[in-house]
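Protein chains in written order, with our numbering: chain A, 782 to 978; chain B, 9 to 146. Backbone N, C-alpha and C define an ideal beta-carbon position, used for all residues, glycine too. Following: one structure in structure tokens, then a few remarks.
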Amino acid sequence: MDETKRRALIIAMAKSMTDHAEELTALDQAIGDGDHGLNMKRGFDAVQADKDVIAGKALPDALKALGTTLVMKVGGASGPLYGTLAMALGKELSADPSRADLARALRSAIVAVKARGKSESGQKTMLDVLEPVAAALETGADPVAAADAAAEATVPMKAIRGRASFLGDRSIGHMDPGARSSALLVAAISKALDTTA
Amino acid sequence: MSGQNKREPNGNVGIVIVSHSPDVAKGTAEMVRQMVGEEVPLAFCGGNPDGGLGTSVEAILAAIDRAWSDAGVAILVDLGGAETNSEMAIEMQPEERAGKIVVCNAPIVEGAVIAATEASGGASLDTVRRTAEELSPA
């Protein structure tokens with residue numbers, strides 16, 4: 782993967798988080814502490830500001846740098862969670878991964894995110910999107926469609942982890958903000974990879 | 009005072025308070041100071057990197073530095089993000105420190121006061137944590 786593509790990926794992710802910051806915050810106000818959109822925007826604004834340095838690195842180091850920036854700048858639990866996801870992907874991926882490599886790396890990264898958040902699938906979190914995306918990458922299905930459907934599928938779930946879990950049954954009926962931000966990032970990444978291919 | 013034992017204040021476990029709210033963090037630290045005095049290294053932080061509600065890994069790393077003691081550091085947190093960010097900060101510590109820092113599963117205000125009280129008597133990190141965690145609802 783060349784520098785142009787890495788830069789395009791950063792710009793696409795940051796734009797997506799900026800464009801959807803209000804939507805994510807509204808989702809988080811329903812069942813969380815109401816800051817997810819602003820937090821993600823703050824994190825990706827910092828990534829965007831540093832895009833030349835980050836994109837100048839080979840993919841593994843670029844992901845590590847991106848993850849570290851998210852950890853430092855997001856300011857909520859999603860910072861360590863997305864930061865861990867990026868750093869774990871960086872550890873597993875080569876500089877120019879295939880789709881199969883990406884699927885394998887994502888499986889490892891999911892294990893790392895589970896450990897960081899002390900969470901499992903089915904608890905109304907970003908993991909409920911990441912697992913179906915990994916499955917789609919493995920089977921040749923469309924990861925973007927899988928992510929969107931998976932985010933939608935968090936609506937009837939009852940939250941077990943995070944602030945939403947305090948609400949118990951009242952968390953049912955709302956899409957999980959972390960599932961939505963994950964799906965948005967999957968769409969942004971997928972589109973950027975296609976258009977710069 | 010100094011005759012009772014030979015411990016320096018820095019020989020006691022340090023306490024770090026991490027809240028989403030800068031005011032809660034500061035207020036909790038004030039309660040600790042008033043009730044426990046100057047016998048324990050104490051630091052607090054609250055707020056996200058923009059100064060709004062939230063927590064910042066960078067600020068937690070700095071607070072751990074300020075409260076550092078060779079006896080270890082016990083961190084008291086409020087909500088989930090404070091815990092996750094504190095765990096991240098612990099993992100980013102140099103190897104010789106990482107095993108000597110714990111996040112207590114305890115209510116932040118009561119936990120900080122009781123942990124500091126225990127620490128001021130020279131208790132080990134394990135004892136400080138256990139005492140604070142006895143406050144947690146089962």
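Near chain A, meaning a CB-to-CB distance below 9 Å, the residues of the region 51-64 of chain B are Gly55, Asn56, Pro57, Asp58, Gly60, Leu61, Gly62, Thr63 and Ser64. Secondary structure at B/Leu143: coil, using DSSP grouped into helix, strand and coil. Beta bridge pairing from DSSP links B/Leu84 with B/Ile25 and B/Cys112. The alpha-carbon separation between A/Glu901 and A/Leu887 amounts to approximately 15 Å. Within the DSSP secondary-structure output, B/Ala51 pairs in a beta bridge with B/Val24.
Between the C-alpha atoms of B/Asp134 and B/Ala140 there is a straight-line separation of about 10 Å. Rounded to whole angstroms, the separation of the alpha carbons of B/Gly80 and B/Gln42 is 22 Å. When 9 Å is used as the limit between beta carbons, A/Ala858 is near these residues of chain B: Thr63, Leu87, Gly88, Gly89, Ala90, Glu91, Thr92 and Asn93, in chain order.
Of the candidates B/Ala70, B/Arg74, B/Asp78 and B/Ala75, B/Ala70 places its Cα closest to the Cα of B/Ala97. Contact of A/Gly949 with chain B is not assigned, every C-beta pair being separated by 8 Å or more. For A/Thr906, there is no enclosing alpha helix (DSSP H), since its DSSP letter is neither H nor E. Excluding the 5 residues flanking it on each side, A/Ile891 has same chain C-beta neighbours closer than 6 Å at Leu911, in chain order. At least one CB atom of chain A sits nearer than 8 Å to the CB of B/Glu66. With fewer than 16 other Cβ atoms from the protein chains shown falling within 10 Å of its own Cβ, B/Asp78 counts as exposed.
Neighbours of A/Lys786 across chain B, judged by C-beta separation under 9 Å, do not exist; the nearest C-beta is about 29 Å away.
Counting along the chain, A/Thr850 sits inside the alpha helix (DSSP H) bounded by residues Leu840 to Lys854. Annotation for A/Phe825: the continuous alpha helix (DSSP H) segment containing it runs His817 to Ala830.
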